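For reference, the structure discussed in these notes is given below.
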Amino acid sequence: MKSAGLIMLAAALTLFVAPADAQNKPAGKDTKLYFIWPRDGAKLKSPFWCRFGLRNMGVTHAGDDYPNSGHHHLLIDVNEPLNPNEPIPSDKSHLHFGAGQTETQLDLAPGKHTLQLVLGDAKHYPFSPPVVSEKITIRVR
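Structure follows, in structure tokens:
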């Protein structure tokens, strides 16, 4: 009976430990996330292609928990910082590329927009330290 109680206690503790393991995975050394296209300051006609670059880490599918790898998230006109202890949101301003995509076609309204890339782990949490690109500004005509 005592061992059954210990097994139940261990299972319950695992529920509290598991979420901490899913977040704040270490980023690769000297990792760089960047835009191949468009360049900062570009004036574009919509729709246009947006291409992502990553150095010193790998790109994989969401849910695949391979070491030193993650998947892209594109932040459009986002000014608030991401919470490193929460998954990256999924909405019209936080686009997920969980199939391992490294490019997308964007159709944005005319005007000034900011774009930034964030690499997420298998469960959409930012790495530690966060792997983010420079924020670029584009103008859509």
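All the letters of the sequence shown, read from the start, carry residue numbers 1 to 141 under full-length UniProt numbering. The beta carbon of each residue, even a glycine, is placed where N, CA and C say it ideally should be. What you are looking at is a predicted structure, and each value in this text was computed from that prediction instead of being measured.
Short Cβ contact (8 Å threshold) for residue i with residue j
i     : j      : result
Tyr34 : Gly53  : yes
Arg51 : Glu134 : no
Ile88 : Val132 : no
For residue i: DSSP bridge partner residues
i      : result
Gln101 : DSSP output for Gln101 lists no bridge partner at all.
Pro126 : Gly120
Leu54  : Leu33
Asp91  : His94
Leu115 : Ile76, Ile136
Inter-residue Cα distance where the pair is residue i and residue j
i      : j      : result
Pro26  : Phe127 : 6 Å
Asn85  : Asn24  : 7 Å
His72  : Leu44  : 22 Å
Gly63  : Arg139 : 34 Å
Thr60  : Leu74  : 15 Å
Ala42  : Ala122 : 32 Å
Pro110 : Leu82  : 26 Å
Pro38  : His124 : 24 Å
Thr137 : Ala99  : 26 Å
Pro130 : Ser93  : 18 Å
Phe48  : Leu108 : 9 Å
Ala18  : Ile36  : Confidence at Ala18 is low in this model, with a pLDDT of 38, below 50, so its placement is unreliable and the value that follows should be read with caution. About 36 Å.
Arg141 : Gln101 : 26 Å
Thr31  : Leu95  : 21 Å
Cβ distance (whole Å) where residue i is taken to contact residue j below 8 Å
i      : j     : result
His113 : Asp77 : 6 Å
Gly28  : Asn79 : Not confirmed; about 27 Å, so no contact.
Residue from the options whose Cα sits closest to the Cα of residue i
i     : options                      : result
Asn56 : Ala122, Gly70, Ile36         : Gly70
Asp40 : Gly120, Lys29, Glu80, Gln116 : Gln116
Ser46 : Pro129, Thr137, Leu106       : Leu106
Gly58 : Gly120, Trp49, Ser93         : Gly120
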